[in-house]
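Okay, so here's the structure we're looking at.
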Amino acid sequence: MSLYREIARPVLFRRDAEDAHLSVLHMLALWQRLGVGARLAQALTHVTDPRLHVRALGLDFQLPVGLAAGLDKHAEAPHAWGWLGFGHAELGTITPRPQSGNPRPRLFRLPADEALINRMGFNSLGAAKVAENLFATRPFAIPIGANVGKNKDTPNEAAVDDYVAAIEQLRGLSDWFTLNVSSPNTPDLRKLQQPSAMRALVEQSVQAAGATPVLVKVAPDFVDDDLEQTIDAVLEGGAAGVIASNTTLTRDNLRDTARAQEAGGLSGAPLKDKATQTIRRVYARTQGRVPVIGVGGIATAEDAWEKLLAGADLLQVYSALIFQGPGVVKAIHLGLLDIMEREGVKSIGEVVGQGT
Ligand SMILES: Cc1cc2nc3c(=O)[nH]c(=O)nc-3n(C[C@H](O)[C@H](O)[C@H](O)COP(=O)(O)O)c2cc1C
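Read in my numbering, the sequence shown has 272 at position 272, and its numbers run on one by one without any break.
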């Protein structure tokens, strides 16, 4: 019996999705302050096996599966993610100035599709407050990424200044920065993926970040060879890695046709193949020169394996956590070890970033 599926989920799913999300996050933040049972939790959730170790971005990741951006936008519970068995956590998206995001409701569950639709629109306490949260609670047991974006009222022509301002306020507090240019919920944000804008944004962000690696998170909705052009610009600008992918604007083959009408980005199971395809295309272009973090619809070890074979070095999960609870992280890690044994793979380093 799964405690989450049988007990916690029915209680949480009776509530508005964002209310449920906020109460879980506040609980985790409280848990982090008290620290009670952290060791016990870690003993229960962590998989300790050197075969799962990944070296990327100049960092040691003890486990390949991390938390995707968007769940802990303000760094309220960075320690708790390690206690729950994640190998890393990406926090944010963080905007330079505080902003409230789109009006609620802005987060929707589609249980029949194991999917979410969100149009949060970068609700952020702002980089100064997030920096304060990180400063007060560091150091962290797992690598931490800071995902940054621009404020809604900043026009695209001035977007670089916003990314640089966020990075400058957070510098020294995270192990990498991610430039989010792929959320569908900030008007025109995805236009920053166009090669000339992309290259300038990456160059100036890399300069502002100093020694901290800068990654770019891309959308899964590219047409023609636009993705390849974007990746070229990302590499020319000096980025240290690519995250593929963000949520999709497409609504293919959903069962919950009523909820499917909600505006926003779709995540979870229906995004899986699109995200894998995006990873494959990114890898074909980068050829392993920089690491790729694979995200989108990962709910099982088989899903994770597929992403690694497509060219990912590390993985992230969001939606599956909502539908399956935190046990999903350990299940994926243990399942990966089983698959590696089945395939005769001695260490995950043999497959990551290879792209088959
Ligand atoms: C409610 C919600 C909020 C999100 N917010 C962000 C965000 O602020 N920044 C970001 O880069 N991605 C954000 N994402 C996208 C996730 O990081 C991830 O790329 C996407 O959900 C696909 O992974 P999944 O299928 O495992 O959920 C958000 C996703 C959800 C469901």
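Ideal Cβ positions, reconstructed from N, Cα and C, are used throughout, including at glycine.
Review point. Near Arg289, what residues of its chain come up, given a Cβ to Cβ distance below 8 Å and the 5 sequence neighbours on each side ignored?
Key: Within the sequence shown, the letter at position 289 stands for residue 289. Within the same chain, Arg289 has close Cβ partners Leu235.
Point to revise | Reference Ala131, options Ala146, Asp161, Ala211, closest by Cα | key: Indexing the sequence shown from 1 puts residue 131 at position 131. With distances taken between Cα atoms, Ala131 lies closest to Ala146.
**Study point:** Between the CA atoms of Trp176 and Ala158 - distance to the nearest angstrom
**Key:** Stepping through the sequence shown from its first residue, residue 158 is reached at position 158. Stepping through the sequence shown from its first residue, residue 176 is reached at position 176. Going by the C-alpha atoms only, they are around 23 Å apart.
Review point. Looking at Val148 and ligand 1, is the gap between the Cβ and the nearest heavy atom below 7 Å?
Key: To locate residue 148, count along the sequence shown from 1; it is residue 148. Flag unset: Cβ of Val148 not near ligand 1.
Check your understanding: Do you know offhand how far Ala239's Cα is from Val218's?
Key -> Here residue 239 refers to the residue found at position 239 when the sequence shown is read from its first residue. Here residue 218 refers to the residue found at position 218 when the sequence shown is read from its first residue. When rounded, the distance between both Cα atoms is 13 Å.
Practice item. Use the C-beta contact count for Arg5: other C-beta atoms within 10 angstroms, 16 or more gives buried, fewer gives exposed. Key: On the sequence shown, position 5 is the one that residue 5 refers to. The residue in question, Arg5, is exposed, as its Cβ has fewer than 16 Cβ neighbours within 10 Å.
Practice item. Would you mind listing the beta strand (DSSP E) stretches within the segment 205-260 that are 3+ residues and don't spill past its ends, in chain order? Key: 214-218, 241-244
Practice item. May I ask which residues mark the beginning and end of the beta strand (DSSP E) holding Phe323? Key: Working through the sequence shown from its first residue, we reach residue 323 at position 323. Here Phe323 belongs to no beta strand (DSSP E); instead the alpha helix (DSSP H) covers 319-324.
Point to revise | Spatial distance of Ala200 from Val160 (CA atoms) | key: For this step, residue 200 is matched to residue 200 along the sequence shown. For this step, residue 160 is matched to residue 160 along the sequence shown. So the two alpha carbons sit approximately 8 Å from each other.
Point to revise | Beta-carbon gap between Arg109 and Phe13 smaller than 8 Å | key: Along the sequence shown, one-based indexing puts residue 109 at 109. Along the sequence shown, one-based indexing puts residue 13 at 13. Contact: yes.
Practice item. Could you tell me if the beta carbon of Phe86 falls within a distance shorter than 7 Å of some heavy atom in ligand 1? Key: One-based indexing of the sequence shown puts residue 86 at position 86. Phe86: no, Cβ never under 7 Å from ligand 1.
Review point. Would you say the beta carbon of Met120 comes nearer than 7 Å to a heavy atom of ligand 1?
Key: Stepping through the sequence shown from its first residue, residue 120 is reached at position 120. Yes, since a heavy atom of ligand 1 falls inside the 7 Å radius drawn around the Cβ of Met120.
Review point. Beta carbon of Val317: closer than 7 Å to some heavy atom of ligand 1?
Key: To locate residue 317, count along the sequence shown from 1; it is residue 317. Because some heavy atom of ligand 1 lies under 7 Å away, the Cβ of Val317 counts as near it: yes.
Review point. If you run the structure through DSSP and keep just helix, strand and coil, what is Ile348?
Key: As a first step, residue 348 must be located in the sequence shown, where it is residue number 348. Helix, per DSSP.
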